[in-house]
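In this note's numbering, the protein residues as written are 974 to 1227.
Here the structure is laid out as structure tokens; the discussion comes afterwards.
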């Protein structure tokens, strides 16, 4: 089955509009300016894509009424201060979720980073996080080491593991979005570092953050992480090692 694309405007199927003056635009801007909903469907499932603040309710109602005629699973890809992506197996659940999102289309998020701590005991952790806790040490290939100045709170990424979550999404250079020091994201996620270095114990939490990707687009990325304290080294800043896994989290942002 070939990939099919459908464009919906004002509750009706339309041809894809031409780019004005011939120049292409990022898809979020193209969808917003033209009040479009895009439906893509193929062997791997169906995706509905839209800008949450667009004048597109009629088109979303049209899309959800026809959703059951397309193969699952169903991915809802919507822009609200960044791209969210949710995948549901059942078309009824997908339709209900679209209704919920329409009702929240005027919602303005108060933060770009949401964090919730949990006790890892009796939880089904991602394998890398579970193995880290069991070993009491973060494997070098999946972890990121950060220095932390306990006086100033300044963080510096010192090493990125080749199979770490950061490496998979942004590469190995410590100059990408999640590695920048002094940002609101950095200040939020590094609060756990002080706690870990003071207590000497691992810290487990869920994070949902809007971050710019290599393509220049902002996406909401859900991940779980374990923060481990590293041994003191005389004359050097304190260090922590972080193991993260991009996976669903128990944080309801929208």
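We put the CB at the ideal spot given by N, CA and C, even for glycine.
Nothing here was measured: the structure is a model prediction, and the numbers come from that model.
- Judged by DSSP secondary structure, residue 1081 falls outside any beta strand (DSSP E); it is assigned neither H nor E.
- Note on geometry: alpha-carbon atoms of residue 1155 and residue 1127 lie some 7 Å from one another.
- In the structure shown, the three-state DSSP call for residue 1006 is helix.
- The shortest C-alpha to C-alpha distance from residue 1224 to any of 976, 1117, 1195 is the one to 1195.
- The three-state secondary structure of residue 1035, taken from DSSP, is helix.
- With respect to the 9 Å criterion, residue 1211 and residue 1202 are classified as neighbours on the basis of their beta carbons.
- In its chain, beyond the 5 residues on either side, 1111, 1116, 1118, 1201, 1203 have a beta carbon closer than 6 Å to the beta carbon of residue 1214.
- For residue 1102, no beta strand (DSSP E) run applies; the uninterrupted alpha helix (DSSP H) run containing it begins and ends at 1100-1108, by DSSP.
- Closest by C-alpha distance to residue 1175, out of 1079, 1136, 1094, 1047, is 1094.
- Around residue 977, the same chain offers 1014 as residues with beta carbons nearer than 6 Å, after the five sequence neighbours per side are excluded.
- Among the bridge pairs identified by DSSP, residue 1177 is matched with 1199.
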